[in-house]
Structures are given as C-alpha cells and as structure tokens.
Amino acid sequence: GESVGLHLPTLSVQEGDNSIINCAYSNSASDYFIWYKQESGKGPQFIIDIRSNMDKRQGQRVTVLLNKTVKHLSLQIAATQPGDSAVYFCAVGNTGNQFYFGTGTSLTVIP
Amino acid sequence: GAGVSQSPSNKVTEKGKDVELRCDPISGHTALYWYRQSLGQGLEFLIYFQGNSAPDKSGLPSDRFSAERTGGSVSTLTIQRTQQEDSAVYLCASSFVTYNEQFFGPGTRLTVL
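Top to bottom, those sequences are chains G and V. Throughout the first sequence, residue numbering follows the working numbering, covering 130 to 240 in sequence. Throughout the second sequence, residue numbering follows the working numbering, covering 478 to 590 in sequence.
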C-alpha cells in the first residue's frame, strides 16, 4: 500500500511570488509521481510527472523535485498567477496499477 | 480531440435506489480508472480496467459497487441500494497505457438523500 500526505492543506501566496507545495509518501518502492491541479467543479488536470530514476524535472513555470531518501516530493510554481489558484494533488504509484492520492493543498493567489 | 466524458454530471437519488454512472474514455486509451472524491478529500481508488484483462477491483468499498467496461471502451459504475455515505464526486480517468498520465473526466456528483 501507500500513504500520501501533504504538508499544508492551504497555501496563500502573492501574485508573482513562487509557490512550493510539498508531499510525503511512505512506500520506498514507489516509483512514479504525478502532480495534478484541480479547479472547482472540474476533474484533476495533469501538470507534471517524474519517475524514480530522476530527482528533478522542469516544465513551463513548474518544477518537481523528488527526494527518495526522505520520501518527499515538491511542486514549485514560478511567478504564481491568479489562474494558478486551485487544489493541487500529488499521486504516487508503486504497483503499476494503482495511484495513491494525497488530500490536496488549496493554493490561493492574492492579486 | 475529445477528452474523457462522464454522465450524468449530477445525480440526486433516494437512499436505497440503484444508480449507474457512465464514463466515455479517450479513444484508444487502454486503461480506465474509477475514483471517488469526498468533500475536501483526496481521490480514493475504486477500480481499474486494462485492456481485456480482469479488472482490479481492490478499491471497491462494498459489494454494492460494481463496474463493467464494454468493448474496451465505455465503462459503467453501478451502485446498488445507495447509502448516504455514497454521496461524493465519482471521477473517471483513462490513460493510453497502464501506469501513465491519466486524463480525468469532469466527474459525476452523486447526492444520496
């Protein structure tokens, strides 16, 4: 199995600042990690993923960092914009079939 | 192209009634997942289909829940004798291959009175 938790249920940042959302997992065999963004009334939307053979991956304004030693991953959003306001979930996979989701961090961007 | 679609978008039912929720995955996606999301909670895995293989039903909370996937495409999640604790948003996701990025539908909000 797997236990996934996020460090903060809510996060408020000023527009233009960088945001960091953290996630911890329990199973050292976990090997695939995905960050999703969920806006109100919508299904989760893929942001970025990383596999366990990497420790960093960058996308457009987003970076995911993976620390397998302490079983922790983070999502960094550069120059946060009002449109980034949403709930962010990490999903952790370790069996090839199932993904385990955290409870989500609600990000609010203050204009 | 079309994304994952789900119907109905909202369903209100009375306790004890049966409900059917439908998911149309992205064409060509072989893997299909059902999740349940309660208010303020993360996603709870329910069931997973991969091609013609037997589904992984390990997440189904009780025998009142069942799902099928016909022709490797459309899937239906059935909840029999609904209870108030079944109230949640039911999300469907599909992926091109197993263990890969999942594309989610908008969900069906189920309310059991």
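Quick reminder that beta carbons are idealized off the backbone N, C-alpha and C, glycines included. Values in this document were obtained by computation on a predicted structure and should not be read as measured data.
Tell me, please, which residues DSSP counts as bridged to leucine 596 of chain V. In the structure as shown, chain V starts at 478 and stops at 590, and residue 596 of chain V therefore has no counterpart that could be examined.
Less than 7 Å between CB atoms is the rule here; does glycine 549 of chain V satisfy it with respect to chain G? By 1-based counting over the second sequence, the position of residue 549 of chain V is 72. Not an interface residue.
Return the residues of the segment 494 to 511 of chain V that lie within a Cβ-Cβ distance of less than 7 Å from chain G, sorted by chain order. none
Give a yes or no on whether the minimum CB-CB distance between glutamine 189 of chain G and chain V is below 7 Å. Along the first sequence, read from residue 1 onward, the residue named residue 189 of chain G stands at position 60. Chain V, which has no Cβ nearer than 7 Å to the Cβ of glutamine 189 of chain G, makes this no.
Assuming serine 484 of chain V contacts alanine 565 of chain V (C-beta within less than 8 Å), just tell me the rounded distance between them. Taking the second sequence and counting its residues from 1, one reaches residue 484 of chain V at position 7. Taking the second sequence and counting its residues from 1, one reaches residue 565 of chain V at position 88. Not quite, the Cβ-Cβ distance comes to about 16 Å (not below 8 Å), so this is no contact.
Around the Cβ of valine 133 of chain G, are there at least 16 other Cβ atoms within 10 angstroms (buried) or fewer (exposed)? As a working mapping, residue 133 of chain G is identified with position 4 in the first sequence. Flag for valine 133 of chain G reads buried.
Rounded Cβ spacing between leucine 568 of chain V and phenylalanine 581 of chain V (contact assumed at less than 8 Å): To locate residue 568 of chain V, count along the second sequence from 1; it is residue 91. To locate residue 581 of chain V, count along the second sequence from 1; it is residue 104. 6 Å between Cβ atoms; contact.
With 7 Å set as the bound, which would you pick, yes or no: does the beta-carbon of leucine 523 of chain V sit closer than that to a beta-carbon of chain G? Along the second sequence, one-based indexing puts residue 523 of chain V at 46. Cβ-Cβ to chain G under 7 Å: no for leucine 523 of chain V.
Anything in chain G within Cβ reach of leucine 554 of chain V, meaning under 7 Å, just list it in chain order. As a first step, residue 554 of chain V is located in the second sequence; it is residue number 77 there, counting from the start. Within chain G, no residue comes near leucine 554 of chain V; the closest Cβ sits about 15 Å away, beyond 7 Å.
Taking Cβ-Cβ distances below 9 Å as the criterion, which residues of the segment 569 to 581 of chain V are in contact with chain G? Within the segment 569 to 581 of chain V, the qualifying residues are Cys569, Ala570, Thr575, Tyr576, Asn577, Glu578, Gln579, Phe580, Phe581.
Assign proline 173 of chain G to one of two classes, buried (16 or more other C-beta atoms within 10 Å of its C-beta) or exposed (fewer than that). For the purposes of this step, residue 173 of chain G is identified with residue 44 of the first sequence, where counting begins at 1. Classification for proline 173 of chain G: buried.
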